[in-house]
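Colleague: For reference, each letter of the sequence shown is one residue, going 1 to 419 in the UniProt record's numbering. Glycine included, C-beta positions come from ideal geometry on N, C-alpha and C. Have a look at this one.
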Amino acid sequence: MAHAASQLKKNRDLEINAEEETEKKRKHRKRSRDRKKKSDANASYLRAARAGHLEKALDYIKNGVDINICNQNGLNALHLASKEGHVEVVSELLQREANVDAATKKGNTALHIASLAGQAEVVKVLVTNGANVNAQSQNGFTPLYMAAQENHLEVVKFLLDNGASQSLATEDGFTPLAVALQQGHDQVVSLLLENDTKGKVRLPALHIAARKDDTKAAALLLQNDSNADVESKSGFTPLHIAAHYGNINVATLLLNRAAAVDFTARNDITPLHVASKRGNANMVKLLLDRGAKIDAKTRDGLTPLHCGARSGHEQVVEMLLDRAAPILSKTKNGLSPLHMATQGDHLNCVQLLLQHNVPVDDVTNDYLTALHVAAHCGHYKVAKVLLDKKANPNAKALVSGSANNPASIVLLTTHHLCM
């Protein structure tokens, strides 16, 4: 009998547990339905704002939807309405205390979005309602930068008139003026320059003009600023940039505006070093004609002739030699232009240097001759030319081991000079 009572209690407990489990499932399903209903309402609210359906959007707000609710990308109703230019929706949301400076996951505010889209009327409403005109996104973009990038002249003018700063740059160092110049938006460029009364934002823009060989833009940038030698973060001037790209027109303009022909950038690199390394023969000629120092040395002791020889630019090497470049000049490691040309397997440059009576057995600090270098690197055609010029195959270098002359070095497979 006791066993029967125990079994009865056990059955009742099972029934209670089953009922409790059923109730839990019911509540879970209800919570899921509620969440879905709320999620659907949120999504519908955002869709209404994006489509400009003001009354629908307001109905959702009245029914409890958070006015600042965002989608998975951090875009809220104000962002979406601003992008599409729905002025009435934007105005109503702001009157109902939507956060005017709420940012997306990328840090863009409604003003960024409206400026990028060129929604001038929305921009005016946002600024009137206290939007931060100098807010920066995660990448450092400002509303002014975005408007300048997309050539939205009216928006650019309004933002400038309402305190937008031109000096705020992106994380890459680009200002609104720089990006407008890069994109070729001439009217925006002119407007920005008119408002750049102190000449503080010309730096990256002038470098961009030099890169593009854009003399018109460069002339505009230099119009109210006598300094043609503004430096980049690496210390390079616009003339260095023009020399790199071989842009003769803008280089001539810069030199005519008193750009320093021998300005030394990082590691004491001059524009002539840059042009020689790049093989821009016309630029080399221009710089030399304007008085560039043909014997200028970098921090490591490289002359323009070293740079041209190492890169194998025969025309540049010949021009420098004809202008009496120092053929015996050496780097801090004792490398001559002949060593450099040999190292790069630049046969024509080697022959040019030898024709100008470069000592064939000239040595580095470790007493390496050009023939040592050719042997190390396996440059057999260069080695033959050197031997034809009576290079010493038995010259001794200050290297460890038995392979310290060119004849022995041929047996080795590699060396740091060739890497």
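For Gln136 and Gly235, I'd like the C-alpha separation in whole angstroms.
Modeller: Along the sequence shown, one-based indexing puts residue 136 at 136. Along the sequence shown, one-based indexing puts residue 235 at 235. Taking the straight line joining both Cα atoms gives about 26 Å.
Colleague: Can you tell me where the alpha helix (DSSP H) holding Val125 begins and where it ends?
Modeller: Within the sequence shown, the letter at position 125 stands for residue 125. Looking at the DSSP string, the run of the alpha helix (DSSP H) that includes Val125 is Ala120 to Thr128.
Colleague: Indicate the three-state DSSP secondary structure (helix, strand or coil) for Asn76 in the structure shown.
Modeller: Start at 1 with the first residue of the sequence shown, and residue 76 comes out as number 76. Three-state DSSP puts Asn76 in a strand.
Colleague: Please list, in chain order, all residues of the same chain as His240 whose beta carbon is under 6 Å from its beta carbon, the five residues on each side excluded.
Modeller: On the sequence shown, position 240 is the one that residue 240 refers to. Around His240: Ala265, Pro271 and Val274.
Colleague: If you count every other CB in all the chains shown that lies within 10 Å of the CB of Leu328, and 16 or more means buried, which is it?
Modeller: Stepping through the sequence shown from its first residue, residue 328 is reached at position 328. So Leu328 ends up on the exposed side.
Colleague: Out of Gln72, Gly74 and Leu78, point me to the one whose CA is closest to Ala48's CA.
Modeller: Numbered from 1 along the sequence shown, position 48 holds the residue referred to as residue 48. Looking at the Cα atoms, Leu78 is the closest of the given residues.
Colleague: For Ala120, which residues of its own chain have a beta-carbon under 6 Å away from its beta-carbon, when the five flanking residues on both sides are left out?
Modeller: As a position in the sequence shown, residue 120 is number 120, starting the count at 1. Cβ within range, chain order: Glu154 and Val155.
Colleague: Straight-line CA distance for Gly308 to Pro359?
Modeller: Looking up residue 308 in the sequence shown gives position 308. Looking up residue 359 in the sequence shown gives position 359. About 18 Å.
Colleague: Can you grab the Cα-Cα spacing for the pair Ala180 / Ser276, in whole Å?
Modeller: Locating residue 180 in the sequence shown gives position 180, where the first residue counts as 1. Locating residue 276 in the sequence shown gives position 276, where the first residue counts as 1. Going by the C-alpha atoms only, they are around 31 Å apart.
Colleague: With a threshold of 6 Å on Cβ separation, who are the neighbours of Val90 within its own chain once the five nearest residues in sequence on each side are excluded?
Modeller: Here residue 90 corresponds to residue number 90 of the sequence shown, with the count starting at 1. Excluding residues within five positions, the ones whose Cβ falls inside 6 Å are Ala81, Ser82, Val122 and Val125.
Colleague: Is the beta carbon of Asp268 sitting closer than 8 Å to the one on Thr298?
Modeller: The sequence position of residue 268 within the sequence shown is 268, counting from 1. The sequence position of residue 298 within the sequence shown is 298, counting from 1. Yes; because the gap between Cβ atoms is below 8 Å, this pair is in contact.
Colleague: Quick one: Cα of Asn280 to Cα of Val127, how far?
Modeller: Locating residue 280 in the sequence shown gives position 280, counting from the first residue. Locating residue 127 in the sequence shown gives position 127, counting from the first residue. Their backbone Cα atoms lie some 50 Å apart in a straight line.
Colleague: Would you decide whether Ala258 is buried or exposed? Buried here means 16 or more other CB atoms lie within 10 Å of its CB.
Modeller: Your numbering for residue 258 matches position 258 in the sequence shown. Under this definition Ala258 is an exposed residue.
Colleague: Measuring alpha carbon to alpha carbon, tell me which of Tyr145, Ala102 and Glu150 ends up nearest Ala131.
Modeller: By 1-based counting over the sequence shown, the position of residue 131 is 131. The shortest C-alpha separation from Ala131 is found at Ala102.
Colleague: How should residue 479 be labelled, buried or exposed, when 16 other C-beta atoms within 10 angstroms of its C-beta is the threshold for buried?
Modeller: Nothing about residue 479 can be read from this structure; the chain reaches only from 1 to 419.
Colleague: Is it true that the segment 185–198 meets the segment 142–153, where meeting means three or more beta-carbon pairs spaced less than 8 Å apart?
Modeller: Yes: at least three Cβ pairs fall under 8 Å.
Colleague: So is Asp366 in contact with chain E if we call contact Cβ pairs under 8 Å?
Modeller: Given the protein chain composition of this structure (a single chain), no chain E is represented.
Colleague: Tell me the residue span of the alpha helix (DSSP H) that contains Lys285.
Modeller: Reading the sequence shown from its first residue, position 285 is the one you call residue 285. First-last of the alpha helix (DSSP H) with Lys285: Ala281 to Asp289.
Colleague: Ignore the nearest five residues each way along the sequence and tell me which others in Ala395's own chain have a CB closer than 8 Å to its CB.
Modeller: For the purposes of this step, residue 395 is taken as the residue at position 395 of the sequence shown. Result list for Ala395: Asp361, Val363, Tyr367, Thr369, Leu371, His372, Asn405 and Pro406, in chain order.
Colleague: Quick one: is Lys138 buried, meaning 16 or more other Cβ sit within 10 Å of its Cβ, or exposed?
Modeller: One-based indexing of the sequence shown puts residue 138 at position 138. Looking at the sequence itself, residue 138 is Gln, so the reference to Lys does not match. Exposed, since its Cβ has fewer than 16 Cβ neighbours within 10 Å.
Colleague: Can you grab the Cα-Cα spacing for the pair Thr170 / Phe141, in whole Å?
Modeller: Working through the sequence shown from its first residue, we reach residue 170 at position 170. Working through the sequence shown from its first residue, we reach residue 141 at position 141. Spanning the two alpha carbons is a distance of roughly 5 Å.
Colleague: Return the residue from the list Asn282, Asp262, Leu222 and Asp66 that minimises the CA-CA distance to Leu253.
Modeller: Looking up residue 253 in the sequence shown gives position 253. Looking at the Cα atoms, Leu222 is the closest of the given residues.
Colleague: List the endpoints of the continuous alpha helix (DSSP H) containing Leu177.
Modeller: Numbered from its first residue, the sequence shown carries residue 177 at position 177. Counting along the chain, the alpha helix (DSSP H) containing Leu177 begins and ends at Pro176 to Gln183.
Colleague: Measuring alpha carbon to alpha carbon, tell me which residue in Ile208, Leu353 and Asn68 is nearest Glu97.
Modeller: The sequence position of residue 97 within the sequence shown is 97, counting from 1. If we check each option's Cα against that of Glu97, Asn68 comes out closest.
Colleague: From which residue to which residue does the alpha helix (DSSP H) around Ala383 run?
Modeller: Position 383 of the sequence shown, counting from 1, holds the residue named residue 383. Here the alpha helix (DSSP H) through Ala383 covers Tyr380 to Asp388.
Colleague: Apart from the five residues just before and just after His313, which ones in its own chain have a Cβ nearer than 6 Å to its Cβ?
Modeller: What you label residue 313 is simply residue 313 of the sequence shown in a count that begins at 1. Excluding sequence neighbours, His313 sits near Gly279.
Colleague: What does DSSP give as the partner residues of Cys70 in its beta bridges?
Modeller: Taking the first residue of the sequence shown as position 1, residue 70 is located at position 70. Asn76, per the DSSP bridge assignment.
Colleague: Below 8 Å between beta carbons: does that hold for His207 and Ser232?
Modeller: As a working mapping, residue 207 is identified with position 207 in the sequence shown. As a working mapping, residue 232 is identified with position 232 in the sequence shown. Yes; because the gap between Cβ atoms is below 8 Å, this pair is in contact.
Colleague: Under 8 Å by Cβ, that's how I've got Thr109 and Gly74 pegged, so tell me the actual separation to the nearest angstrom.
Modeller: Residue mapping note: residue 109 aligns to position 109 of the sequence shown, counting from 1. Residue mapping note: residue 74 aligns to position 74 of the sequence shown, counting from 1. Not a contact, Cβ separation roughly 11 Å.
Colleague: What residue range does the alpha helix (DSSP H) around Tyr245 cover?
Modeller: Position 245 of the sequence shown, counted from the start, is the residue given in the question as residue 245. Segment Pro238 to Tyr245, the alpha helix (DSSP H) holding Tyr245.
Colleague: I think Asn247 touches Ala296, with their Cβ atoms under 8 Å apart; what is that distance to the nearest whole Å?
Modeller: Along the sequence shown, read from residue 1 onward, the residue named residue 247 stands at position 247. Along the sequence shown, read from residue 1 onward, the residue named residue 296 stands at position 296. Actually they are not in contact, since the Cβ atoms of Asn247 and Ala296 sit about 21 Å apart, beyond 8 Å.
Colleague: Hey, quick one: how far does the alpha helix (DSSP H) through Gly334 stretch, first residue to last?
Modeller: For this step, residue 334 is matched to residue 334 along the sequence shown. No alpha helix (DSSP H) contains Gly334, which DSSP labels as neither H nor E.
Colleague: Mark Leu286 as exposed unless 16 or more other C-beta atoms lie within 10 angstroms of its C-beta, in which case mark it buried.
Modeller: Residue mapping note: residue 286 aligns to position 286 of the sequence shown, counting from 1. The residue is buried, with at least 16 neighbouring Cβ atoms inside 10 Å.
Colleague: Find out if the Cβ-Cβ distance for the pair Leu159, Leu144 is shorter than 8 Å.
Modeller: Position 159 of the sequence shown, counted from the first residue, corresponds to residue 159. Position 144 of the sequence shown, counted from the first residue, corresponds to residue 144. Yes.
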